[in-house]
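Report on the following structure.
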Amino acid sequence: MINLILFGPPGSGKGTQAAMLVERYGLLHISTGDLFRYELSNDTPLGIEARGYMQKGELVPDSVTIGMLRNKVKANPDVPGYIFDGFPRNIIQSEALDALLEETEQAVSALLMLEVSDEEIVKRIVGRGATSGRADDLDESIIRNRIEVYKKETTPVFDYYDRLGKAKKIQGVGAIEAIFGRLCAEIDHING
Ligand code: ADP
Numbered sequence: 044m045i046n047l048i049l050f051g052p053p054g055s056g057k058g059t060q061a062a063m064l065v066e067r068y069g070l071l072h073i074s075t076g077d078l079f080r081y082e083l084s085n086d087t088p089l090g091i092e093a094r095g096y097m098q099k100g101e102l103v104p105d106s107v108t109i110g111m112l113r114n115k116v117k118a119n120p121d122v123p124g125y126i127f128d129g130f131p132r133n134i135i136q137s138e139a140l141d142a143l144l145e146e147t148e149q150a151v152s153a154l155l156m157l158e159v160s161d162e163e164i165v166k167r168i169v170g171r172g173a174t175s176g177r178a179d180d181l182d183e184s185i186i187r188n189r190i191e192v193y194k195k196e197t198t199p200v201f202d203y204y205d206r207l208g209k210a211k212k213i214q215g216v217g218a219i220e221a222i223f224g225r226l227c228a229e230i231d232h233i234n235g
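Take 44 as the starting number for the sequence shown in the numbering used here and just add one per residue.
Here it is, written out as structure tokens:
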């Protein structure tokens with residue numbers, strides 16, 4: 044199995060690249076942001092709980108997020124691997140993911156981080172907001188808060204997997220196909 048964490052700030056292109064990686068490697072894409080938006084659009088109790096946090100650009104509490112992620116993984120055991128997108132977003136979630144994968148004697152294969160500057164991110168997200176229908180993409184102060192949360196709470200996840208020799212930085216600016224090529228080169232290297 045190959046279990047990838049697609050990592051990087053909001054708006055760094057994780058969703059776009061994940062869709063292309065799914066095509067090439069047949070992995071299951073699990074985006075916690077997409078899962079929350081699905082719950083939200085169906086007004087489920089989980090969606091209602093997540094809404095306030097998402098609207099402010101804060102993290103949804105770990106117990107909720109980890110439970111949701113766990114259900115998704117457990118419901119899809121027979122896949123060649125997973126692409127985790129938007130998860131883990133802090134150290135608690137990283138430890139939970141490692142423990143979850145260990146239950147089936149699996150592990151994170153690699154964390155691939157798309158590197159994009161703050162200014163580029165804000166520009167991209169504001170552009171996406173015009174068509175994405177995401178309230179958290181329309182307000183620059185919410186976008187800035189998501190970037191702050193990323194820097195404070197999420198970047199330690201990179202160091203956590205870096206210490207295990209599993210973290211790689213990928214230049215996230217340029218043509219979509221070129222970035223895809225860089226990701227594939229890393230994955231093929233891991234796959235041996
Ligand atoms: P982006 O990466 O563009 O900020 P996502 O679609 O990954 O957006 O997530 C949108 C929102 O969903 C986040 O701002 C947060 O409120 C919530 N969320 C997504 N994933 C997690 C997570 N792993 N832990 C806590 N909250 C999360």
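Even for Gly, the Cβ is constructed at its ideal location relative to N, Cα and C. Keep in mind that this is a model prediction, so the values were computed, not measured.
In its own chain, which residues sit with a C-beta less than 8 Å from the C-beta of A62, not counting the 5 before and 5 after it? Working through the sequence shown from its first residue, we reach residue 62 at position 19. Within the same chain, Cβ atoms closer than 8 Å to the Cβ of A62 are found at H72, the five residues on either side in sequence being excluded.
Ordered along the chain, which non-local residues of its own chain (more than five positions away) have a Cβ less than 7 Å from that of D161? Working through the sequence shown from its first residue, we reach residue 161 at position 118. I190, listed in sequence order.
Kindly indicate the opening and closing residues of the alpha helix (DSSP H) around D128. Position 85 of the sequence shown holds residue 128. Here D128 belongs to no alpha helix (DSSP H); instead the beta strand (DSSP E) covers G124 to D128.
Could you check which residue in I230, N234, I222 and D231 has the C-alpha nearest to that of K57? Taking the sequence shown and counting its residues from 1, one reaches residue 57 at position 14. Checking every option, the nearest Cα to that of K57 belongs to I222.
Does the distance from the CB of L78 to the CB of M111 come in under 8 Å? Your numbering for residue 78 matches position 35 in the sequence shown. Your numbering for residue 111 matches position 68 in the sequence shown. Contact: yes.
If I follow the unbroken beta strand (DSSP E) through Q149, where does it start and stop? Within the sequence shown, the letter at position 106 stands for residue 149. Counted as a single uninterrupted DSSP element, the stretch harbouring Q149 is not any beta strand (DSSP E), since DSSP gives it neither H nor E.
Bridge partners - N46, DSSP secondary structure assignment: The residue you call residue 46 lines up with position 3 of the sequence shown. The beta-bridge partner set that DSSP reports for N46 consists of Y125.
Using the three-state DSSP reduction, which class does A210 fall into: helix, strand or coil? As a first step, residue 210 is located in the sequence shown; it is residue number 167 there, counting from the start. DSSP places A210 in the strand class (E or B) of the three-state scheme.
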